[in-house]
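Visitor: First the structure, then my questions, so here it is.
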Amino acid sequence: MDFLKPRSHRMTRRRRIYEGKAKVLYEGPEPGTLIQYFKDDATAFNAKKHEVIEGKGVLNNRISEYVFQRLNDIGVPTHFIRRINMREQLIREVEIIPLEVVVRNVAAGSLSTRLGLEEGTQLPRSIIEFYYKNDQLNDPMVSEEHITAFGWAAPQEIDDIMALAIRVNDFLSGLFLGVGIRLVDFKIETGRLWEGENMRIVLADEISPDSCRLWDVKTNDKMDKDRFRKDLGGMIEAYTEVARRLGVVQDNEFARAEGPRLVK
Ligand code: UDP
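In this text, residue positions in the sequence shown follow this note's numbering: the first is 945, and each later residue adds one.
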């Protein structure tokens, strides 16, 4: 009576490829594909702070789907194929480059701390930073010298990653500004996608309020994971508002007072 079993039982039987802090990757339906599952877990400070925020995964799945689809539409190569359901999307399997690529437009977070810049200071130009993806080491900041010396990426790949990061920043800055949101900074991950003999650098992972700093243009209210990091409360309400402004969820789709319930 397999069909009587709840969905989640069937899902757990799929081969799990990788489990991170906020997402799980499962084997996909065809070779070269994976399923990316968005959890409700929120972590910060290298998982020293951890909570389950009901509905976060659903919102991030929808927001990231929208952003990746819009990027695909303008010819930015990404791993995204399509959303499958509330919490899952079908993606192309890529070889993840072990770098967190951060793009900053306005001083905040670790940049403000490191260089003593007041949060909210407009930067003279967009700045790209690289961090080595390694939880045990707390994702240390690295330079192109480290990246090429240790073979994490080749010089040409670094150029491709930076060009991709700048394109994503230009497009997303405009997209968010159009709905009254300032894109302060964000983090992306990239991967190598093999097509026969050829390899391309593509955008991977997710782009959501978990990986961006998003401030309301008028009020400077934080609409991102800083609400969790700084114990400001209202995280789900803020993520829902980002989704609503992007037109990703309908006004009546999420019951505001009780948190998200129904998603088609
Ligand atoms: N970020 C992320 N994952 C990380 C570290 C940073 O998504 O592991 C994002 C973060 O949300 C922010 C940007 O990258 O939008 C820059 O983060 P920052 O270096 O200021 O670090 P934080 O203050 O978050 O420690």
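Cβ coordinates follow ideal geometry from the N, Cα and C atoms, glycine included.
Given the structure is predicted, the values throughout are model-derived calculations rather than measurements.
Is D1083 near the ligand UDP - that is, is its Cβ less than 8 Å away from at least one heavy atom of it?
Guide: yes
Visitor: Measuring CB atoms only, is the segment 1102 to 1120 touching the segment 972 to 991, in the sense that at least three cross pairs come out at less than 8 Å?
Guide: no
Visitor: Between L1015 and the ligand UDP, is there a pair consisting of the residue's CB and a ligand heavy atom that are separated by less than 8 Å?
Guide: no
Visitor: So what does Y1075 bridge to, in DSSP terms?
Guide: E1044, M1085
Visitor: On the premise that V1123 lies in contact with L1190, defined as a C-beta separation below 8 Å, what is that separation, rounded to the nearest angstrom?
Guide: Going by Cβ atoms, the distance from L1190 to V1123 rounds to 6 Å, so yes, they are a contact pair.
Visitor: Got a sec? Which residues, its chain only, sit under 7 Å from V1244 by beta carbon, not counting five neighbours each side?
Guide: Nothing about residue 1244 can be read from this structure; the chain reaches only from 945 to 1208.
Visitor: In whole angstroms, what separates the C-alpha of T1022 from that of G1177?
Guide: 32 Å
Visitor: If you measure from the beta carbon of R1189 to each beta carbon in chain C, is any gap under 9 Å?
Guide: Absent from the structure is chain C; it holds one protein chain and no more.
Visitor: Whole angstroms are fine: how far does the CA of P973 sit from the CA of I1018?
Guide: 27 Å
Visitor: Could you check whether I1041 and E1181 sit closer than 9 Å to each other, using their CB atoms as the reference points?
Guide: no
Visitor: Counting pairs of Cβ atoms below 8 Å between the segment 1144 to 1159 and the segment 992 to 1012, do you hit three or more?
Guide: yes
Visitor: From R1170 to T1163, what does the alpha carbon distance come to, in whole angstroms?
Guide: The amino acid occupying residue 1170 in the given sequence is Asp; Arg does not appear at that position. Cα to Cα, D1170 sits roughly 15 Å from T1163.
Visitor: Going by DSSP, what residues sit across from M1143 in a beta bridge?
Guide: W1138
Visitor: Closer than 6 Å by C-beta to R1026: which residues in its own chain qualify, once you throw out the five before and the five after it? Chain order, please.
Guide: L1034
Visitor: On the CB-based measure, 16 or more other CB atoms within 10 Å of its CB, does Y962 come out buried or exposed?
Guide: Burial call: exposed.
Visitor: Do V1002 and L1043 have their CB atoms nearer than 9 Å?
Guide: no
Visitor: Return yes when the C-beta of R1126 is under 8 Å from any heavy atom of the ligand UDP, and no when it is not.
Guide: No, the beta carbon of R1126 sits no closer than 8 Å to any heavy atom of the ligand UDP.
Visitor: Got a sec? Which residues, its chain only, sit under 6 Å from M945 by beta carbon, not counting five neighbours each side?
Guide: Low local confidence applies: a pLDDT of 44 at M945 is under 50, so the model's placement there is unreliable, and no value is given.
Visitor: In its own chain, which residues sit with a C-beta less than 7 Å from the C-beta of R1188, not counting the 5 before and 5 after it?
Guide: D1195
Visitor: Hey, quick one: how far does the alpha helix (DSSP H) through E1009 stretch, first residue to last?
Guide: 1000 to 1017
Visitor: Among I1028, E1037, F982, which has the Cα closest to the Cα of P975?
Guide: The residue with the shortest Cα to Cα distance from P975 is E1037.
Visitor: Helix, strand or coil: how does DSSP classify A1109 here?
Guide: helix
Visitor: Using 8 Å as the cut-off, classify the Cβ of K1131 as near or not near the heavy atoms of the ligand UDP, replying yes or no.
Guide: yes
Visitor: Please state whether DSSP places E1133 in a helix, a strand or coil.
Guide: Strand, per DSSP.
Visitor: Taking the CB atoms as reference points, tell me whether Y1075 and P1068 lie closer together than 9 Å.
Guide: no
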